[in-house]
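Residue numbers (the working numbering): 26 to 421.
Note sheet for the following structure.
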């Protein structure tokens, strides 16, 4: 399993549990939603917005292959597939690691992050990947005897946290801040075993908000060579952030940018890349008033009340819902339109230092090859069509 796959797994655990808990807001008729900081994204940058001039609307074999080739280019960038060799030498593995780490140095200097996404050292990357796998297995309740897992305790904790939070709020709730809070709380539970109490509520909120601010600043690294020195000083002076991290994780982050014990090594992949996807998914399901909104709500509520694998992927037709539609289809659609990682950057060999190749995951997700005639719409039912097409291709 690659580091990118682990990132998706880490963030999805926190995100789905938090998103599920947020859906319980609908059970609070006295709680209205005020959301000044998160608005629906207007998809005016998608390459296939104009169907009349877009070659991807055709179904000819030649252009179908063209689209597949386009997607393969993105995959090759992510997998650093500039060589046909299946087994890489140690030096080639280091080169692959450097290709991933170099574009992420902004995270290292801003947060002191020292993990598989920022390090140049194979041993550190391997150690991080092993730890991440272990955390995922524990969070999902996976064992050698039980490969289905159980999310009951994780989602139960989030529902309790949501109830506590809403009971302390007035009639107006800031949805963005609430989702940040719950996503981080979930991360703390399964990454560090920390059940943060009311006494640490403000610390959790401060860490969530500060991570978001610093994350945005860290992106300047790709465009401003002078940012590195400034960012490193920023991390050294984040005394309050480090103090709160000690309180809510039990770890001991220092002001070093090479600290293996920095809790942000795990928190950043689990939290920062996910809370935005959760917030937009909640908006799509509960506040867009789409024709099938009630069906999507019922699917998610059924799973929340019985969070097991069979409920996550069940046959909806047997329950009077859309044929075969499941909570998994709803989550796939959230991640299709709002991928937690929109772009992946690599420093490829023989390219000028600092000129990174970019895999555009978001655009690939919104091609008509996958998104059909309405790629910018949130429509979980499209996954039933995709499944049928896949099964038909397998038969041929």
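Think of the CB as a built atom: it goes at the ideal place given N, C-alpha and C, for glycine as much as any other residue.
Would you mind sorting residue 354 into buried or exposed? The rule is 16 or more other CB atoms within 10 Å of its CB.
buried
Helix, strand or coil for residue 101? Go by DSSP, reduced to three states.
helix
Helix, strand or coil: which one does DSSP assign to residue 375?
Residue 375 falls in the coil class under three-state DSSP.
Which residue or residues does DSSP assign as beta-bridge partners of residue 370?
Answer is 383, bridged to residue 370.
Expressed to the nearest angstrom, what Euclidean distance is found between the alpha-carbon atoms of residue 360 and residue 261?
35 Å
Once DSSP output is grouped into helix, strand and coil, what is the label at residue 189?
helix
Among the candidates 207, 179 and 383, whose CA atom is the shortest distance from the CA of residue 189?
207
Is it buried or exposed, residue 305, if we count other Cβ atoms within 10 angstroms and call 16 or more buried?
buried
When the Cα of residue 103 is compared with those of 263, 182 and 368, which residue comes out closest?
368
Got a sec? Which residues, its chain only, sit under 7 Å from residue 274 by beta carbon, not counting five neighbours each side?
For residue 274, same chain residues with a beta-carbon under 7 Å away, outside a window of 5 residues either side, are 213, 217, 219 and 288 in chain order.
Can you tell me whether DSSP reads residue 287 as helix, strand or coil?
coil
Determine the direct distance from the alpha carbon of residue 158 to that of residue 271, and round the result to whole angstroms.
23 Å
Cβ-based neighbour list, residue 132, same chain, cut-off 6 Å, excluding 5 preceding and 5 following:
138, 143 and 243
Taking buried to mean at least 16 other C-beta atoms within 10 Å of its own C-beta, is residue 312 buried or exposed?
exposed
Just mark residue 177 as buried or exposed, buried being the case when its beta carbon has 16 or more other beta carbons within 10 Å.
Residue 177 is exposed by the Cβ-count criterion.
Outcome for residue 241 when other beta-carbon atoms lying within 10 angstroms are tallied against a minimum of 16:
exposed
Assuming contact is defined by CB atoms lying nearer than 7 Å, are residue 153 and residue 124 in contact in what I supplied?
no
Could one say the Cβ of residue 244 lies closer than 7 Å to chain B's Cβ atoms, at least one of them?
Judged by its chain identifiers, the structure shown contains no chain B, having just a single protein chain.
Could you give the residue range of the alpha helix (DSSP H) that holds residue 235?
That run of the alpha helix (DSSP H) goes 226 to 243.
Would the beta-carbon of residue 135 fall within 7 Å of that of residue 239?
yes
Alpha carbon to alpha carbon, what distance is there between residue 407 and residue 83?
With a pLDDT of only 37 at residue 83, under the threshold of 50, the placement of this residue in the model should not be trusted; the figure read from the coordinates follows. One C-alpha to the other measures close to 18 Å.
Among 383, 281, 226 and 420, the one whose alpha carbon lies nearest that of residue 100
The alpha carbon of residue 100 has as its nearest neighbour, out of 383, 281, 226 and 420, the alpha carbon of 383.
Take the Cβ of residue 205 as the centre, count every other Cβ of all protein chains shown within 10 Å, and call the residue buried at 16 or more, exposed below.
buried
On a Cα-Cα basis, can you pick out the residue from 164, 338, 209 and 147 that is closest to residue 237?
209
Determine the contact status of residue 150 and residue 122, defining contact as a CB-CB distance below 7 Å.
yes
Does the Cβ-Cβ distance between residue 374 and residue 298 come in under 7 Å?
no
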